[in-house]
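In numbering that gives the first Met the number 0, the protein residues as written are 0 to 815. Each residue gets a CB set at the ideal place from its N, CA and C atoms; glycine is no exception.
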Amino acid sequence: MASSVRRRAFLHTAGGTALALGLSGTAAAAPSIATSAAEPAAGSQEFAALRAKWRDLVLGTGFSPTAEPFKTLLADLGTTAQKHLSTMAPASGSLWPDAVWADPDPNTDAASYAFSAKMNDSYSRLGAMAQAWAQPGTGLTGDAAVLDAILTGLDHVNSEVFNTATQQYGNWWNFQIGTPQALMDTCVLVHDHLTTEQIAKYCAAVDHFVPDSVFDNYSGTSTGANRVDLCRSVTLRGIVGEDAAKVELAARSLAPVFPYVTAGDGFYADGSFIQHRNVPYIGGYGAVLHDGVGRLLALLRGSAWELDDPNTQLFLDTVDKAIAPFIHNGLIMDNVSSRGISRYGTSEHTRAISLLGTLVLIGQGAGPEENARWRAMVKGWMQRDYYAPPLKNPGLSLTRAAQLQSVLDDATVKPAPEPVEHRLFHNMDRVTHRRRGWAASVSMASRRIAHYEFGNGEHARGFHTGAGWLSWWGSDFGLDQYSDAFWPTVDPYRLPGITASRKPLADGQGGNWGQPCPDVDWVGGTTDGEFGATGQHLKGLASTMDAKKSWFWLDDSVVCLGAGITSTDGYSVETTVDNRALGAAGAPALTVDGRSQPGQQGWSQAFEDAEWAHIEGHAGYVFPCGAQLSAVREERTGAWKDINTGGPADPITRRYLTLYTDHGTDPADATYAYVLLPGASPRTTAQRARDRGWLRILANSGNQQGVRVAKLGLTAVNFWAAGTVDKVTASAPASVLIREHRDGTATVVVSDPARQAASLQVTWHKRVSKVLSRPAAVTATTGSSLKLTFGDLTGAFGAPRRSRSSSADLPHARTR
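This is the structure in structure tokens:
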């Protein structure tokens with residue numbers, strides 16, 4: 000259903016906190032009709048009220064400027080603004096000497112990108128000055144000299160570069176999103192001091208670079224988060240210039256963002272979020288989309304342009320389906336942030352802060368149950384983030400601080416614990432596994448999802464982040480794993496969990512915005528919501544390396560299998576069991592088969608037939624078939640500029656303890672098997688290694704990989720090819736998970752990760768007497784075994800299919 004924009008009797012108010020955050024009720028609704036340019040323009044009072052609401056959304060409300068952390072944040076803002084004020088020097092081609100926007104060679108893409116960014120940066124500095132002028136407690140509040148400098152700066156940048164006579168150069172984003180937003184935000188803050196002529200010039204510049212035609216088609220750079228940002232640019236331009244048609248156009252143009260997609264950019268029904276065609280991006284563009292939609296919904300609520308689109312509920316649903324599964328104790332997992340992980344000054348924790356604040360904001364426009372649940376989640380995440388508490392982050396904005404502090408101060412909100420769940424995001428090749436004491440996630444690539452994204456000189460060495468990277472964190476340990484200069488110092492060929500050729504790859508391998516995808520289809524898995532089976536047919540980037548990798552997700556561990564590992568690159572191939580970041584001085588004890596190993600840096604050793612290993616304060620590792628295990632302690636030095644051209648070149652050194660298996664040069668059909676036990680003690684690890692009956696590896700070949708854990712009643716098999724494993728037969732490639740429960744029931748989950756099965760029959764060789772329920776398209780046969788016959792699964796996009804049955808051996812059996 001297309002979005003409609005509802006005409007309402009407007010609440011004429013100065014934009015107090017309740018209205019700005021969407022807490023107050025709206026006036027009675029008039030009939031829902033769309034505004035048009037032919038209608039009388041909305042009154043100036045209406046636009047003034049909207050500017051007041053946006054002012055609150057920019058500055059934050061409901062806090063005392065003399066209380067912490069606000070006192071310090073305001074003082075820091077004042078210091079920053081004072082620095083900008085003292086160094087501002089209008090000249091031809093710049094407003095600040097270190098931010099020259101004049102492009103000497105418009106034919107050089109790299110130079111054009113850098114210079115257009117400096118234009119955007121100049122408007123951002125003016126915005127910081129405007130906030131310091133408008134906020135109390137900054138030392139510059141209401142300062143006439145600051146206001147004069149802001150007005151001078153706005154005129155200077157407009158006359159020099161951001162005007163109707165300039166042709167766009169460099170990064171389109173700077174001209175259509177970054178600059179218009181920074182400019183319009185500043186115009187809102189100083190609106191009463193702008194002349195009619197100034198407003199007209201600034202709005203005309205936005206119209207020039209962001210014409211109405213950007214909304215003609217939902218494609219190219221006008222999708223997902225970019226579409227939301229464009230809508231924000233035009234909405235604010237309409238409010239500043241008091242142009243009702245612009246606001247209506249922008250509000251209406253949000254409509255394509257809300258429905259779930261089945262291909263390309265946007266949110267999917269399974270919670271996946273894609274931007275740039277094939278890049279998982281919940282922690283980047285997804286966060287931007289949520290923030291933008293949240294702010295625009297709050298801004299327009301109760302106004303003449305309030306969105307009256309039932310699909311906005313789909314957007315609200317993505318909080319639980321898409322965002323929450325990737326937040327763990329205050330961090331947003333790096334494997335959904337793509338290029339963002341290479342940016343200096345950011346981390347899993349800093350990227351989460353914006354999302355936490357956004358959840359508080361949009362919750363105030365959601366139902367009471369949703370709002371209460373989200374506030375409880377936010378409070379729990381904040382309280383458990385011991386590594387980087389959000390309210391102590393030096394880059395925290397006052398708006399976010401006010402939103403988050405309001406949750407901490409609300410005694411009616413009880414912090415929610417981390418959930419126990421398993422989530423499969425089959426549309427973006429990601430999985431999350433959540434437990435009370437730890438969380439883990441795996442990052443994969445396929446014909447549909449890129450190995451990684453390189454662009455704008457960012458993420459130069461992320462080439463193996465889709466090679467089965469298994470990231471994990473504990474509740475009271477490991478929250479710093481990826482946040483303490485990990486990415487500029489780690490060996491990019493030894494990310495935790497990956498299988499990779501040591502063949503050297505060029506920085507940015509695959510090319511600028513190449514987003515290389517392997518030509519494989521079988522990537523995905525199954526889950527019953529608590530446990531899971533995941534598989535990846537892996538082909539290395541710019542490599543002949545080929546492997547089948549599986550993960551079986553249990554209550555306290557992850558079973559990791561690899562098979563069919565083959566390569567003809569002329570280089571060795573390694574599987575990294577784990578690579579723990581130890582900071583600048585860490586030296587945890589390493590134990591292998593009960594023997595303590597040396598703790599000095601530069602030490603390395605290979606172990607024959609290792610049965611278990613343990614890293615103090617981190618995890619245990621069990622090798623059920625024995626392993627040729629190598630261990631190395633090393634100090635690695637790098638710089639942010641190595642992986643992102645915008646980062647500093649200062650050298651950084653961090654320590655690592657790496658466990659890996661070397662499959663040799665040009666291996667043929669090599670295998671591995673290990674069990675990851677996050678947070679386990681040495682004793683628990685040793686006991687698990689001695690318990691030969693706990694885990695049965697049913698298969699580990701290039702045709703099938705499967706396990707049986709009797710204690711959990713779990714049987715799970717990834718069929719790379721048709722065949723029989725133990726008591727399970729599949730007629731075509733599939734992923735199958737069976738859970739037998741203590742109450743006599745059983746659960747069976749089946750999927751077609753390759754999305755190629757025109758038909759599929761899965762047989763569980765166990766006596767079954769009755770089928771309780773099944774999908775309409777599935778037929779079932781009972782007797783000495785349960786046979787489930789599926790029709791064409793290619794349209795299921797790899798999603799699991801569920802049914803229920805009862806058995807003669809089990810009082811009841813469910814297949815789902």
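Query - CA nearest to the CA of P876, picked from P517, D725 and T574 - result: Only positions 0 to 815 of the chain appear in this structure, which leaves residue 876 out of reach.
Query raised in the report: Buried or exposed: which applies to R691, given that a residue is buried once 16 or more other Cβ atoms fall within 10 Å of its Cβ?
Result: The count along the sequence shown starts at 1 and reaches residue 691 at position 692. By the 10 Å Cβ count, R691 comes out exposed.
Query raised in the report: How would you label C230, buried or exposed, when you count the other beta carbons within 10 angstroms and need 16 or more for buried?
Result: Stepping through the sequence shown from its first residue, residue 230 is reached at position 231. Looking at its Cβ environment, which holds 16 or more other Cβ atoms inside 10 Å, C230 is buried.
Query raised in the report: DSSP on Y671, reduced to helix/strand/coil?
Result: Against the sequence shown, residue 671 aligns to sequence position 672. Under the three-state reduction of DSSP, Y671 is assigned to strand.
Query raised in the report: Taking the C-alpha atoms as reference points, what is the distance between Q81 and N277?
Result: Within the sequence shown, numbered from 1, the residue matching residue 81 stands at position 82. Within the sequence shown, numbered from 1, the residue matching residue 277 stands at position 278. When only Cα atoms are considered, Q81 and N277 end up about 43 Å apart.
Requested in this report: Work out the CA separation of T411 and A224 for me, nearest whole Å.
Outcome: Taking the sequence shown and counting its residues from 1, one reaches residue 224 at position 225. Taking the sequence shown and counting its residues from 1, one reaches residue 411 at position 412. Taking the straight line from one Cα to the other gives about 34 Å.
Query raised in the report: Is P623 closer than 8 Å to W471 when the C-beta atoms are compared?
Result: As a position in the sequence shown, residue 471 is number 472, starting the count at 1. As a position in the sequence shown, residue 623 is number 624, starting the count at 1. At least 8 Å separates the beta-carbon of W471 from that of P623.
Requested in this report: Note the first and the last residue of the continuous alpha helix (DSSP H) segment covering Q180.
Outcome: Walking along the sequence shown from the start, residue 180 turns up at place 181. Q180 -> alpha helix (DSSP H) spans T178 to L188.
Query - Three-state class that DSSP yields for V227 in the structure shown - result: Numbered from its first residue, the sequence shown carries residue 227 at position 228. In the structure shown, the three-state DSSP call for V227 is helix.
Query raised in the report: With 16 as the cutoff for other CB atoms within 10 Å, does Q274 come out buried or exposed?
Result: As a position in the sequence shown, residue 274 is number 275, starting the count at 1. With a 10 Å radius around the Cβ and a threshold of 16 neighbouring Cβ atoms, Q274 comes out buried.
Query raised in the report: Apart from the five residues just before and just after A638, which ones in its own chain have a Cβ nearer than 8 Å to its Cβ?
Result: Within the sequence shown, residue 638 is the residue found at index 639, counting from 1. Within the same chain, A638 has close Cβ partners P487, G646, P647, A648, D649, P650 and I651.
Query raised in the report: Residue range of the beta strand (DSSP E) that V558 falls in?
Result: Translated into the one-based positions of the sequence shown, residue 558 becomes position 559. Boundaries of the beta strand (DSSP E) around V558: V557 to T565.
Report task. Could you say if the region 457-469 and the region 414-425 meet the contact criterion of at least three C-beta pairs nearer than 8 Å? Result -> No: the two stretches stay apart, fewer than three of their Cβ pairs being nearer than 8 Å.
**Report entry** Through-space distance from G362 to R399, alpha-carbon basis
**Finding:** The residue given as residue 399 occupies position 400 in the sequence shown. The residue given as residue 362 occupies position 363 in the sequence shown. Approximately 14 Å between the Cα atoms of the pair.
Query raised in the report: Which stretch, first to last residue, makes up the alpha helix (DSSP H) that contains V519?
Result: Sequence index remark: in the sequence shown, residue 519 carries index 520 (1-based). Element bounds for V519: n/a, residue is neither H nor E.
Query - Three-state secondary structure assigned by DSSP to L504 - result: Here the question's residue 504 lines up with position 505 in the sequence shown. Reduced to three states, the DSSP call for L504 is coil.
Query raised in the report: From T706 to I696, what distance separates their C-alpha atoms?
Result: By 1-based counting over the sequence shown, the position of residue 706 is 707. By 1-based counting over the sequence shown, the position of residue 696 is 697. As written in the sequence, residue 706 is Val, which differs from the Thr given in the question. If you take the alpha carbons of V706 and I696, they lie about 5 Å apart.
Query raised in the report: Helix or strand or just coil, what does DSSP make of P799?
Result: Start at 1 with the first residue of the sequence shown, and residue 799 comes out as number 800. Three-state DSSP puts P799 in coil, outside helix and strand.
Query raised in the report: Around the Cβ of V419, are there at least 16 other Cβ atoms within 10 angstroms (buried) or fewer (exposed)?
Result: Position 420 of the sequence shown, counting from 1, holds the residue named residue 419. So V419 ends up on the exposed side.
Query raised in the report: Sorted by chain position, which residues of the same chain lie with C-beta nearer than 6 Å to S252's C-beta, five sequence neighbours on each side aside?
Result: Taking the sequence shown and counting its residues from 1, the one referred to as residue 252 is at position 253. Within the same chain, S252 has close Cβ partners F214 and C230.
Query raised in the report: Which residues mark the beginning and the end of the alpha helix (DSSP H) in which W486 is found?
Result: To locate residue 486, count along the sequence shown from 1; it is residue 487. Taken as a continuous stretch (DSSP letters only), the alpha helix (DSSP H) holding W486 covers F485 to T488.
Query raised in the report: Whose CA, out of H463, A444 and F314, lies closest to the CA of Y259?
Result: Numbered from 1 along the sequence shown, position 260 holds the residue referred to as residue 259. Comparing C-alpha distances from Y259 to each of H463, A444 and F314 shows the shortest one belongs to F314.
Query raised in the report: In chain order, what residues of the same chain lie with their CB nearer than 6 Å to the CB of G283, ignoring the 5 residues before and after it?
Result: One-based indexing of the sequence shown puts residue 283 at position 284. S336, S337 and G339.
Report task. Determine, using beta carbons only, whether L355 and P389 come nearer to each other than 8 Å. Result -> Looking up residue 355 in the sequence shown gives position 356. Looking up residue 389 in the sequence shown gives position 390. With contacts defined as CB atoms closer than 8 Å, L355 and P389 qualify as a contacting pair.
Requested in this report: Look at N334 and D384 and say whether their C-beta atoms are less than 8 Å apart.
Outcome: On the sequence shown, position 335 is the one that residue 334 refers to. On the sequence shown, position 385 is the one that residue 384 refers to. No, the Cβ-Cβ distance between N334 and D384 is not below 8 Å.
Query raised in the report: Roughly how many angstroms separate the alpha carbons of R124 and D147, rounded to a whole number?
Result: Here the question's residue 124 lines up with position 125 in the sequence shown. Here the question's residue 147 lines up with position 148 in the sequence shown. Counting only the Cα atoms, D147 lies some 14 Å from R124.
Requested in this report: Measuring alpha carbon to alpha carbon, tell me which of Q382, D242, V674 and H207 ends up nearest R50.
Outcome: Residue mapping note: residue 50 aligns to position 51 of the sequence shown, counting from 1. Closest option to R50, Cα to Cα, is D242.
**Report entry** Contained beta strand (DSSP E) runs [length at least 3] in the region 615-656, N- to C-terminal order
**Finding:** Correct list: 618-637.
Query raised in the report: Per DSSP, G473 forms a beta bridge with which residues?
Result: Along the sequence shown, one-based indexing puts residue 473 at 474. Looking at the DSSP output, G473 shares a beta bridge with W437.
Query - Proximity below 8 Å, CB of S629 to CB of S566 - result: By 1-based counting over the sequence shown, the position of residue 629 is 630. By 1-based counting over the sequence shown, the position of residue 566 is 567. In this structure, S629 sits away from S566, with a CB-CB distance that is not shorter than 8 Å.
**Report entry** Cβ contact check for the region 473-493 and the region 577-584: 3 or more pairs under 8 Å
**Finding:** As far as the Cβ criterion goes, the region 473-493 touches the region 577-584, which means the pair count is three or higher.
Requested in this report: Tell me, please, which residues DSSP counts as bridged to P818.
Outcome: Given a span of 0 to 815 for the chain in the structure shown, any question on residue 818 remains unanswerable.
Query raised in the report: Which stretch, first to last residue, makes up the beta strand (DSSP E) that contains H536?
Result: Numbered from 1 along the sequence shown, position 537 holds the residue referred to as residue 536. From DSSP, the beta strand (DSSP E) with H536 extends over G531 to K538.
Requested in this report: Could you have a look at K786 and say whether DSSP puts it in helix, strand or coil?
Outcome: Numbered from its first residue, the sequence shown carries residue 786 at position 787. In this structure, K786 counts as strand in the three-state DSSP scheme.
Report task. Would you mind stating whether T664 and S571 have Cβ atoms separated by less than 8 Å? Result -> Within the sequence shown, the letter at position 665 stands for residue 664. Within the sequence shown, the letter at position 572 stands for residue 571. Yes.
Query raised in the report: Under three-state DSSP, which class holds A268?
Result: One-based indexing of the sequence shown puts residue 268 at position 269. If DSSP states are grouped into helix, strand and coil, A268 belongs with coil.
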